[in-house]
Structure formats: structure tokens, C-alpha cells
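Student:
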Amino acid sequence: SNQTMLAVLLVVGLVIGAGAGYMLAPKGGETIVEVPVEVPVEVHPFAGQTLRMGKTSASTEGLETTVPLVDDIIEPDIQAYLDLTGLDITLDIMIEDNQGSESIALEKTQSFKAMGVNIVFGHGWSGQCSSSLSYVNENDMILISGSSTSPLLAIADDMLFRTCPTDFVQAPAIATMWETWGAKAVLTFFRGDAWGDGIYNLLDGGAWEEHGIVDIGKIRYAPESTEFSNYLD
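Below you can see the structure in the form of C-alpha cells.
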């Protein structure tokens, strides 16, 4: 009958449940082992580190102001700020002399990279920045110049950052000045680097004609020149 079948199923269920309970019940004498869980602790990437940065002087003469500017003002000021973070960060600014040379500026940039220095404050002259720009872009470095102004270096998405305006307005300002002086013609004597070329190209690109001035020639001198008699001759 249905009642007999129900009774049999109840008995079978009790037997199965008892067996399962026996198997699942904790055995006597066994210990529970707690597995430690490692919780990552966030550490600031600069904590306890020495931050090394490069600084270049465009010329040997410039070291007279560059060295005290860095040693007596910039480095102590930034270090005092870093100390406020409590992260035990030490600042080390390394100074190099570009000796007024574009090729030496590139060598100094490469030397910084070899030492693991990727941020360079320099170079002071546009020609030196131009000579190093390809290397900086290709090697994930940052070049920060406080005085490079050449229009030729106003390049989008590069790794040169300049903290002053370019000379785009200088050419028309020069041409306007010459016009007010009554100049009718001009012979341009200019520095043969990214800075001088940039300004000359703007003048040669139409600034003279706009102010009624005739271009009668140009003399382009080497950036490292300190004696000009041969050019003047």
C-alpha cells in the first residue's frame, strides 16, 4: 500500500542520513589548521629612495650661477618639501657642463641615461635641446628647458618641455622696430643653430616684405664662436 511504501522510504532516508552524518562529522583528535592570508601593504614607490635628476649648464661661464642656484636654493628647497612627506626621500641633482656645444649636450644626455637619470633640467640653448631631442624621445626621458625659445622646437607630443614662450612674436617685433627706425634694407648676422635659424626663417618668411624692408644677405656664424673677425671680413 502507499503507507507501506512511505514507511520504507522513511527508513531508507534515515539510514542514508545517518551514514552521511557519520562521514561529515568531525573526527575526534583532529585539529583545525588556520592558513594565514597575506594582505598587501601599499608602499609609496619613492619611499626610502634617492631621486636622481640631471641639470646642465649651457656653458662653462654659466656654472658660476648654475651651481649655487642648485646647491644653495633649488635642492635644499625641494628636499625640505620632500622631508614633509615623511617618506625618507633624498634628492640628488647632478650638474654637468655642456661647454657651449651641441654635441657635448647630447653626450651629457646619454651619460645621464646610462646612470639611470631620466629627468634632465636643461639645456639652456635651443641648439643643445635640438641636438638631444631625438635621443630623449626614443629613450623615455624628459628634458625641461627654462630658456629655449626657438620656434623650430614647438613640436607637439615630444618630450621637451619649455617653461617660457617661443620666439614666434620676436620676428615681427624686430621687423616693426626696423621700420620705425627707417631701415630700408637689412643684412642679417645671426647664430647658426635652432634658435637663430628659427628667428631668421620667420623674418625670411615674409616679415621683411610686410614692413617694406629689403633683405640684402645673411651671415650665419657657428654657435660656439667667440671671435667674429673672419665673419666680418
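All residue numbers for the sequence shown refer to the working numbering, where the first residue is 25 and numbers rise by one.
From the three backbone atoms N, C-alpha and C, an ideal C-beta is built for every residue, glycine too.
Considering Cα atoms alone, identify which of Q123, I117, W149, S150 is closest to N142.
Tutor: On the sequence shown, residue 142 is found 118 positions in, with the first residue counted as 1. Taking each of Q123, I117, W149, S150 in turn and checking the Cα distance to N142, the smallest one comes out for I117.
Student: Could you tell me which uninterrupted beta strand (DSSP E) segments, each at least 3 residues in length, are contained entirely in the stretch 170-249, listed from first to last along the chain?
Tutor: Taking only runs of at least 3 residues, the beta strand (DSSP E) segments lying wholly in the stretch 170-249 are 184-186, 209-215, 238-245.
Student: Decide if A104 is buried, meaning its Cβ has at least 16 other Cβ atoms within 10 Å, or exposed.
Tutor: Reading the sequence shown from its first residue, position 80 is the one you call residue 104. Exposed: under 16 other Cβ atoms inside 10 Å.
Student: Given a cut-off of 7 angstroms on the beta-carbon distance, is the pair S174 and W219 in contact?
Tutor: As a first step, residue 174 must be located in the sequence shown, where it is residue number 150. As a first step, residue 219 must be located in the sequence shown, where it is residue number 195. The Cβ atoms of S174 and W219 lie closer than 7 angstroms to each other.
Student: Determine the closest residue to D112 out of T89, G86, F70, with distance taken between C-alpha atoms.
Tutor: Taking the sequence shown and counting its residues from 1, the one referred to as residue 112 is at position 88. Comparing Cα positions, the closest option is F70.
Student: Just to confirm, does M118 get its C-beta within under 6 angstroms of one of the non-hydrogen atoms of the ligand MG?
Tutor: Here there are no bound small molecules, and the ligand MG is not part of this structure.
Student: In angstroms, rounded to a whole number, what distance separates the CA positions of D121 and A246?
Tutor: On the sequence shown, position 97 is the one that residue 121 refers to. On the sequence shown, position 222 is the one that residue 246 refers to. In this structure, the straight-line span from the alpha carbon of D121 to that of A246 is close to 19 angstroms.
Student: Give the secondary structure of S83 by DSSP, where H, G and I count as helix, E and B as strand, and everything else as coil.
Tutor: Counted from its first residue, the sequence shown places residue 83 at position 59. Correct three-state label for S83: coil.
Student: Between I243, D101, S172, V160, which lies nearest to G216 when the distance is taken from Cα to Cα?
Tutor: The residue you call residue 216 lines up with position 192 of the sequence shown. Measuring from the Cα of G216, the nearest candidate turns out to be I243.
Student: Looking at C-alpha atoms only, which residue of D101, L157, S83 is the closest neighbour of Q134?
Tutor: Within the sequence shown, numbered from 1, the residue matching residue 134 stands at position 110. Cα-wise, what sits closest to Q134 is L157.
Student: How about V144 and G78: are their beta carbons less than 7 angstroms apart?
Tutor: Within the sequence shown, the letter at position 120 stands for residue 144. Within the sequence shown, the letter at position 54 stands for residue 78. The Cβ atoms of V144 and G78 sit closer than 7 angstroms to each other.
Student: Within 10 Å of its beta-carbon, does L211 have 16 or more other beta-carbons around it, so buried, or fewer, so exposed?
Tutor: Here the question's residue 211 lines up with position 187 in the sequence shown. Counting of Cβ neighbours within 10 angstroms places L211 among the exposed residues, the total staying below 16.
Student: Provide the residue(s) that pair with I55 in DSSP beta bridges, ordered along the chain.
Tutor: For the purposes of this step, residue 55 is taken as the residue at position 31 of the sequence shown. In the sequence as presented, Ile is not what sits at residue 55; that position holds Thr. Bridge partners of T55: none, in fact.
Student: Just how far apart, CA to CA, sit L167 and A129?
Tutor: Within the sequence shown, the letter at position 143 stands for residue 167. Within the sequence shown, the letter at position 105 stands for residue 129. Rounded to the nearest angstrom, the two C-alpha atoms are 12 angstroms apart.
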